[in-house]
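Those letters in the sequence shown? Residues 588 to 707, per the numbering used here, in order.
Beta carbons are placed, not taken as given, at the ideal position from N, Cα and C, and that holds for glycine.
Note that the structure is predicted; figures quoted are calculated from it, not measured.
All remarks here apply to the structure that follows.
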Amino acid sequence: PRPRPRPRPRPRPRPHPRPTLLKYNCTVSQLISMLDLNGISASELMIAGNSIDMAVLVSDGIKNGLAADCPVCNGPGIVLCHGRLVCWGYMEGMTKCVYRAAEKDTLRFKFVLPDEVLHS
């Protein structure tokens with residue numbers, strides 16, 4: 588019998604450029620102030636030390652609008668990941684929220700940027 592050809596590995600998806608641009612062009616304090624201005628506490632989501640996660644939340648807010656609070660944990664940590672909405676919040680203590688939804692299943696509001704970012 589003839590050996591089967593090996594399947595080619597799938598190319599890895601490239602990261603979206605917006606979070607990367609934000610990460611390298613904004614300070615951590617600017618990212619935190621952008622999230623705070625929109626009612627998102629980086630410390631409650633336990634991402635205050637992670638500039639990449641903060642940049643992902645900010646870029647999602649800029650591109651798609653600020654997502655409504657999570658119906659499961661009542662937190663503001665809903666973000667678009669791989670075509671669906673995922674909550675990055677916590678239910679109680681260290682228990683991660685399990686909320687997942689289609690993109691059309693949540694309301695979006697205007698994401699507010701501070702004047703220092705708009706005019707820099």
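Buried or exposed (CB count within 10 angstroms, at least 16 for buried), residue i
{"i": "Ser555", "result": "What the structure shows of the chain is the stretch from 588 to 707, and residue 555 is not part of that stretch, so it cannot be assessed."}
{"i": "Gly680", "result": "exposed"}
{"i": "Val699", "result": "exposed"}
{"i": "Leu608", "result": "exposed"}
{"i": "Ala629", "result": "buried"}
{"i": "Thr642", "result": "Sequence check: residue 642 is Ala here, not Thr. Its Cβ being crowded by 16 or more others within 10 Å, Ala642 is buried."}
{"i": "Ile634", "result": "buried"}
Residue range of the beta strand (DSSP E) that includes residue i
{"i": "Arg589", "result": "First-last for Arg589: undefined, no H or E at that position."}
{"i": "Arg687", "result": "687-689"}
Residues of its chain near residue i, where Cβ-Cβ distance is below 7 Å and the 5 sequence neighbours each way are ignored
{"i": "Asn651", "result": "Leu667, Arg695"}
{"i": "Pro701", "result": "Ser620, Met621, Leu624"}
{"i": "Gly626", "result": "Pro663"}
Cβ shell of residue i (< 6 Å), same chain only, five flanking positions each side left out
{"i": "Cys674", "result": "Cys657, Gly664, Ile665, Cys684, Tyr686"}
Close Cβ partners of residue i (< 8 Å) along its chain, the five nearest in sequence each way excluded
{"i": "Asp647", "result": "Ala654, Val666, Leu667"}
{"i": "Gly670", "result": "Glu690"}
{"i": "Lys697", "result": "Gly652, Leu653"}
Whole alpha helix (DSSP H) runs in the segment 604-681 with 4 or more residues, listed along the chain? 604-612, 615-624, 638-651
Assess contact between the segment 685-696 and the segment 642-657, defined as three or more Cβ pairs (one per stretch) separated by less than 8 Å. Is contact present? yes
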